[in-house]
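Going by the working numbering, the first residue of the sequence shown is number -15, and it counts up by one from there. Every residue, glycine too, gets a C-beta built ideally from N, C-alpha and C. Take a look at the structure below.
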Amino acid sequence: MPRVLHSNDPRIPENVELIKINDRQISDMLDYCFYNDDSKYRKFLILAKGKKKIVDIRPNENIHLVFDEPRYRKCENDCDYCFIKGLPGGLRKELYFQDDDYRLSFLFGNFISLTNLKNSDIKRIRQLRLSPLYISVHSTNPELRIKLYKNEKAGLIMEQLKKLVDANIQIHCQIVVIPGLTDGMNVENTINDLAQLFPMVCSVGVVPVGRTKFLRRIPVLNRKLCRRIVKKIMQVHRSFRKRFKKGFVYLADEFFIKSGLPIPGKAYYDDFCQYENGIGMVRQLIDEVDSLKHKNKISGKFLFITGRLAYPYINYLREKLINKKVDIDILEIRNRFFGDTVTVSGLLVGRDIHNAIRGLEKKYDRIILPPNCVNDNGKFLDDCVFNNRYFVAPYSIKELVLCLQ
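The structure is reproduced here in structure tokens:
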């Protein structure tokens, strides 16, 4: 039962538990949102100081409740390639929680393994219509998947996916490529297995494994392997486009960049359904840069911070912005914290940036940070905060232009 922290109705005080709405048991915020139909008459059964109380809610009566954070499910797997397992101490507290909860998958697009999913969960997912869900598949081969997750339940993946499909739940899948383990025929076979569940399995993202200096046993994807993967998956993508009228399988931006191959055009990504998985971010950046507006209003001296992977595209942005009134420098930050194999800007930490800029003699009007390296509170992964109005992390090119005016 969820605990009410705040309410706009004096009949529902703070720190009470919401048991039922009409005859429906309420276990969390999702139940509340689904069963609280404000167009109808409702009975709220609450528990306050050990006593049950019914609160009658009239149709169209505006009720707003704020609940305590639910207890989310932890991951039961023991993957060698788990990024969270390899984190050192001293980072943001929330980074250490290994979630594997279908509710977070529905709400925020978190990828889950399904190894802790029960039949009762599938029934609830169907009942609440929690669609789409995001699933880390990696392999549909039962033996290999059990080996990857070190969990016997991992071998049930196709059976579980079929149950979700039968429940009319849309699914976006992920395959993490680990050299010598999940590459080669595994990728192709897994994609073909998942294609059998199209259109409810509506996309497959192929992404590279992340290797840090804290996960040294994980092999690195080299340029040759990336080129081979790009060549094969692009062939598969084109065949699905003819068959399904959409690409179905999409490669992470990192594969194209490491291969030295051009980023595909906008049409390749269809509806950008795996954008948060690092698939299509660079294409969107390029397109936004090409459609820049109001750049004539910009003036001043600016420093753009970036990682190695995004450097060419930030430089492309710089070339579009510079003029007699605009002076822009780019500083490529080496990731000393996670190691040189980590080149994405989203994993830059505050201390690496601080150490790189503290010796700079040139003064800037603004220092522009990558938007994905800080959270909503402006904190980096290592819990650093730059309390300085000169540091900004715009979320779009449009917002960037405003920051530079």
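CA-to-CA, the gap between ARG110 and LEU287 works out to about 50 Å. ALA340: member of the alpha helix (DSSP H) spanning 334 to 341, first to last residue. For SER89, the enclosing alpha helix (DSSP H) covers residues 86 to 92. With fewer than 16 other beta carbons inside 10 angstroms of its own, MET169 counts as exposed.
By the neighbour-count definition (other C-beta atoms within 10 Å, threshold 16), ASP15 is a buried residue.
Between GLY323 and the set GLY70, VAL385, ASP7, the nearest pair of CA atoms involves GLY70. Between VAL193 and ILE202 the beta-carbon gap is near 6 Å, inside 8 Å, which marks them as a contact. By a beta-carbon distance limit of 8 Å, TYR234 contacts ILE263. Their separation comes to about 5 Å. In this structure, ILE162 lies near TYR65, with their beta-carbon atoms less than 9 Å apart. Residue burial annotation: LEU91 is exposed, with fewer than 16 other C-beta atoms found within 10 angstroms of its C-beta. Here the C-alpha atom of ARG302 lies approximately 20 Å from the C-alpha atom of ALA340. Nearest in C-alpha terms to ARG108, of all of PHE321, VAL310, ARG87, is ARG87. In this structure, CYS17 is the residue among SER23, ALA236, CYS17 with its C-alpha nearest to the C-alpha of LEU114. Annotation for PHE239: PRO192, CYS210, ILE213, VAL214 place their beta carbon closer than 7 Å to its own, counting only its chain and skipping 5 residues before and after. In terms of Cβ geometry, PRO(-6) and VAL(-12) do not form a close pair [threshold 9 Å]. Closest option to ILE217, judged by alpha-carbon separation, among ASP83, ILE159, GLN180, CYS186: ILE159.
Considering only PRO(-14), ARG8, ASN(-8), the residue with the shortest C-alpha distance to VAL0 is PRO(-14).
With a contact defined as Cβ atoms closer than 8 Å, SER89 and LEU117 qualify at about 5 Å.
Distance from the CA of LEU293 to the CA of SER275, rounded to the nearest whole angstrom, comes to 22 Å. In this structure ARG350 is in contact with VAL376, their Cβ atoms being roughly 6 Å apart against a cut-off of 8 Å. DSSP places ALA32 inside the beta strand (DSSP E), whose first and last residues are 26 to 32. About 6 Å separates the Cβ atoms of ILE314 and THR290, confirming a contact at the 8 Å cut-off.
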